[in-house]
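Residue numbers (this note's numbering): 26 to 787.
No residue lacks a Cβ here, since even glycine has one placed at the ideal position from N, Cα and C.
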Amino acid sequence: MSLKEVRDYTTMKKITTFLSLAALLVVMKGQSQIAVTTNQPIADYVNNHLLGLGVTASNITFTGNPAQIGYFDGSAAGFGFLDGTVLSSGGVTNLTPGNFGTDAFTTTTNADLVTVAQSVTTNPASGNINQARDVAILEFDFVPQSDLVSFNFIFGSDEYEMFINTQYNDAFGFFVSGPGITGPFSSPAGFPGGSQNLALVPGTNLPITISTIYPAGAINGAPGGLNPQYYVDNSGGSSVALYGYTVPINISFPVICGETYHFKFAIGDMQDQSLSTAVFLEAGSFTSPPINLSLENASGSGGNDIIEACTDASFLFTRSLCQSLTDLSINFTLTGTATSGTDYTIPQTSPLFMAAGEDTLVMDLTTFADGLPEGTESITVTIDYVDQYGNPQTSTGTFFLSDIQPLVLNPVDQTLKCNNDSTLVVVQASGGSGTYTFDWEDSPSITSSANVFVGQNGVYYFPVTMTDACLGTITDSVMVTMDQTLTIDSMLTYPASACTPDGAVSGYASGFTGLQQYHWEGPNTGGPSQINASVMQNLSPGWYVFTVSDNVCSVTDSVLLTSAPGPIADMTLNDVSGCNPLTVTFTNNSQNATTFEWYFDNGNNVTVNDLSSQTQTFTSSADEIVLIAINGPCRDTAFSSVLIVECGCTDPQATNYNPNAQQNDGSCIFPEPSVIVPNIFTPNGDKNNDIFKLTTVNATEVEIMINNRWGSNVYTGTGLDASWDGKIDGVLAPDGVYFVQYTVRGVMGDEITGQGFLQLIR
26 MSLKEVRDYT TMKKITTFLS LAALLVVMKG QSQIAVTTNQ PIADYVNNHL LGLGVTASNI
86 TFTGNPAQIG YFDGSAAGFG FLDGTVLSSG GVTNLTPGNF GTDAFTTTTN ADLVTVAQSV
146 TTNPASGNIN QARDVAILEF DFVPQSDLVS FNFIFGSDEY EMFINTQYND AFGFFVSGPG
206 ITGPFSSPAG FPGGSQNLAL VPGTNLPITI STIYPAGAIN GAPGGLNPQY YVDNSGGSSV
266 ALYGYTVPIN ISFPVICGET YHFKFAIGDM QDQSLSTAVF LEAGSFTSPP INLSLENASG
326 SGGNDIIEAC TDASFLFTRS LCQSLTDLSI NFTLTGTATS GTDYTIPQTS PLFMAAGEDT
386 LVMDLTTFAD GLPEGTESIT VTIDYVDQYG NPQTSTGTFF LSDIQPLVLN PVDQTLKCNN
446 DSTLVVVQAS GGSGTYTFDW EDSPSITSSA NVFVGQNGVY YFPVTMTDAC LGTITDSVMV
506 TMDQTLTIDS MLTYPASACT PDGAVSGYAS GFTGLQQYHW EGPNTGGPSQ INASVMQNLS
566 PGWYVFTVSD NVCSVTDSVL LTSAPGPIAD MTLNDVSGCN PLTVTFTNNS QNATTFEWYF
626 DNGNNVTVND LSSQTQTFTS SADEIVLIAI NGPCRDTAFS SVLIVECGCT DPQATNYNPN
686 AQQNDGSCIF PEPSVIVPNI FTPNGDKNND IFKLTTVNAT EVEIMINNRW GSNVYTGTGL
746 DASWDGKIDG VLAPDGVYFV QYTVRGVMGD EITGQGFLQL IR
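Okay, here's the thing in structure tokens:
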């Protein structure tokens, strides 16, 4: 059977059921059910049964069958609204029990409603919706007199709950357009920005349909339902002929006061013309009040409540910016069960005056303590005024005056069977203003509860002082008795062998109440090793957590499991580099090992069972010398290397200097100096033996001193090129014998000294 066939069958079954119960429903009619009337002027549905304070409407039109709009009276039904205007995709009179919404009306489709239905993304069948039927549209222009407009409505449908999340997802919308508003939906001429749909599930962007508000377990719906807090099951109800509907929902939206806006209420069936869907608009709820009356309660108790003789309060009259452009006179009267002058007083007299530019007016209220147990009394303020547009306006506010009660502070004592470190203690307060602050001696909390620490068994008192806004302070203490019997007596560890997971832990506890439970886990909380027992074996080193539990408590502690130390490999070398061949001694500094494997990277490998040193000769570099220290399954490794370098004479002054040598091997041979001293000197200008000069080999420094026969110095020179030209102070020296002394130094500082005679001949 197709879904449509199921739908038709269900529809016919519903009709048959209603007809078979007709007699019963006739009896019920008029008892706790709504009453619906139609055929009123369309403007009456807006002006008389929808609009409230601060809104004027014009250009009121209705599109659809006149049977689709009406006035409902729910005062005897407990339906949620006393009365108002109702629109339906069927005949609105069929909404009274005893009828069934099967009307079909000839109307064209509406693109905005189709778009709304298609936008319900939670409905898997939304893509199958392409037409709206039985469309009813109520629309009008309106001018708000404040910066906020609000109204209340209830949505209901006979599509509940069979057709949730199907293409028969009837839709409705509240489309608003005007200054400051832009949106994707259509709007009439004069409102070029389009319109927005305000009929959304509170706090979401989901349009309200049977597929966005429904209970858990509904047919075709998710098990958890969707926004079920707004749903009312009416399958057995007698107030209205709908299978389900929503709780009253408020819609509020900002506007620019004094400007003209357009509003459109639209509703229709999707894809078919069976089973009605309706929306109820509360009478007088479409408001934009020029003056808002509220109570500012200094006691802080909130709402409209005032505590007698505790704190004063103020009535606040607030108006929006556009209303504050003119002077305003406000008349007020006071009624209610509380007596002015006895229970309270208001110093201001009527009328009150708000000058242009003022948006707030305060009317002070002072209460008295008359000592009489009067219970809760009411104060009703009724105001009337003429707004800036010349419209008479009336508004009321009711506030409640309660007797002040003595302060009472009741500590909630408790007995703890388990130490959870932080314990919540609570006091219960009443009386006074209802506005309290708390000061706990053992906690920074300033509320009626505090977290405190109870460390061990015993009786503890936690003082608290409560301060009331009116009656001062009161002090008491919460008594906490710690009577924990469960305790961990001891935990034992059995260290693991080196590199072997053979350790164990065990724990012992006492003081159980009821069932005993043990649990080990580790290393650390949530570790891979876990067991529900008092002993855990085959463990690696680390912290292990022990938990014992019984019927009332759970205690946790931890213990460190150690292991025997593993081997540490370590060696030192007396030489790490040298000439070929190089003999190296290796010293074994390892710890916690019994066997040692040496790999010298020179072709020699040795295994020993002690720390004896090893000596090896290397003719080439060894890049990876390895020492492995072994103890059972444990191993540790140390690495070293030996570098063989080219050796030779590295001194460039030596006769056997080797420029490729990296290390001096002491083989350098240095040259010795030698000298030849001429004994005849002929400086006669023939360019043959014209100067006197020593002939040297391997000399680095030469010193010469020449004296005449009388011992007078005629020449002194230094340097390898030192020479005498046979002149004394620029004058030719006379022939004769001269005495020569010299010193010649070699590369290594060797000196040759000598003296002789020189024969000068011209």
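| Asked | Found |
| --- | --- |
| In chain order, what residues of the same chain have a beta carbon less than 6 Å from the beta carbon of Met-773, not counting five sequence neighbours either side? | Phe-695 |
| Glu-501 and Pro-436 look like a contact to me (Cβ under 8 Å); what is the Cβ gap, rounded to whole Å? | The amino acid occupying residue 501 in the given sequence is Asp; Glu does not appear at that position. The pair is a contact, with the Cβ atoms about 5 Å apart (cut-off 8 Å). |
| By Cβ distance, which residues of its chain are closer than 6 Å to Asn-177, with the 5 residues on each side in sequence left out? | Pro-273, Asn-275, Glu-307 and Ser-310 |
| Roughly how many angstroms lie between the CA atoms of Glu-466 and Leu-585, to the nearest whole one? | 38 Å |
| From the DSSP output, in three-state form, read off Gln-439 for me. | strand |
| Write down every uninterrupted run of the alpha helix (DSSP H) in the region 49–108 whose length is 4 residues or greater and which is fully enclosed by it, in chain order. | 67–72 |
| On the criterion of 16 or more Cβ atoms from any shown chain inside 10 Å, does Thr-721 qualify as buried, or is it exposed? | buried |
| Check this for me: beta carbons of Pro-372 and Asn-356, under 8 Å apart or not? | no |
| Mind checking Pro-122: buried by the 16 CB within 10 Å criterion, or exposed? | buried |
| Under the three-state reduction of DSSP, which class applies to Leu-28: helix, strand or coil? | Confidence at Leu-28 is low in this model, with a pLDDT of 33, below 50, so its placement is unreliable and no value can be given for it. |
| Measure the alpha-carbon distance for Ile-332 versus Thr-385 and round it to whole angstroms. | 24 Å |
| How far does the alpha helix (DSSP H) with Gln-143 in it extend, from its first residue to its last? | 136–143 |
| Let me know the secondary structure DSSP gives Gly-457 once reduced to three states. | coil |
| When the distance is taken between beta carbons, is Pro-606 closer than 8 Å to Thr-642? | yes |
| Got a sec? Which residues, its chain only, sit under 6 Å from Ser-692 by beta carbon, not counting five neighbours each side? | Cys-674 |
| Comparing alpha-carbon positions, which option in Asn-681, Gln-439 and Asn-557 lies nearest Gly-483? | Gln-439 |
| Cys-347 by DSSP, collapsed to three states: which one? | helix |
| Can you list, in chain order, the residues of its chain with a C-beta nearer than 6 Å to that of Leu-432? Leave out the 5 residues immediately preceding and following it. | Gly-456, Gly-457, Asp-493, Leu-496 and Ile-499 |
| If you check the beta carbons only, do Tyr-239 and Glu-186 fall under 8 Å apart? | yes |
| In whole angstroms, what separates the C-alpha of Leu-540 from that of Leu-320? | 59 Å |
| Asn-177 by DSSP, collapsed to three states: which one? | strand |
| Could you name each continuous beta strand (DSSP E) segment of 3 residues or more that falls completely within the region 572–614, going from the start of the chain to the end? | 579–586, 596–598, 602–604 and 607–613 |
| What is the C-beta distance between Asn-576 and Thr-538, in whole angstroms, given that I count them as a contact (C-beta under 8 Å)? | 5 Å |
| For Thr-391 and Ser-339, I'd like the C-alpha separation in whole angstroms. | 8 Å |
| Measure the C-alpha to C-alpha separation of Asp-623 and Thr-608 and round it to an integer number of angstroms. | Inspection of the sequence shows that residue 623 is occupied by Trp rather than by Asp. Using only the alpha carbons, I get a separation of about 16 Å. |
| From Gln-2 to Ser-171, what distance separates their C-alpha atoms? | As displayed, the chain neither begins before 26 nor continues past 787, which places residue 2 out of reach and without an answer. |
| What's the C-alpha gap between Ser-175 and Leu-434? | 43 Å |
| For Ile-94, count neighbouring C-beta atoms within 10 Å of its own C-beta (all shown protein chains included) and say buried if the count is 16 or more, exposed if not. | buried |
| Quick one: residues in its chain with C-beta nearer than 6 Å to the C-beta of Val-168, no 5 flanking neighbours on either side, listed in chain order? | Thr-81 and Thr-285 |
| Buried or exposed: which applies to Arg-344, given that a residue is buried once 16 or more other Cβ atoms fall within 10 Å of its Cβ? | buried |
| Taking the Cβ atom as the reference point for each residue, do Phe-611 and Ser-645 lie within a distance shorter than 8 Å? | no |
| Does DSSP classify Pro-232 as helix, strand or coil? | strand |
| With DSSP run on the structure shown, which of helix, strand or coil describes Thr-525? | coil |
| Please report how far the alpha carbon of Ser-313 lies from the alpha carbon of Thr-62, in whole angstroms. | 27 Å |
| When DSSP labels each residue in this structure, what does Gln-641 get in the three-state scheme? | strand |
| When the cut-off is 8 Å and only beta carbons count, does Gly-208 lie next to chain C? | This model lacks chain C altogether; it includes just one protein chain. |
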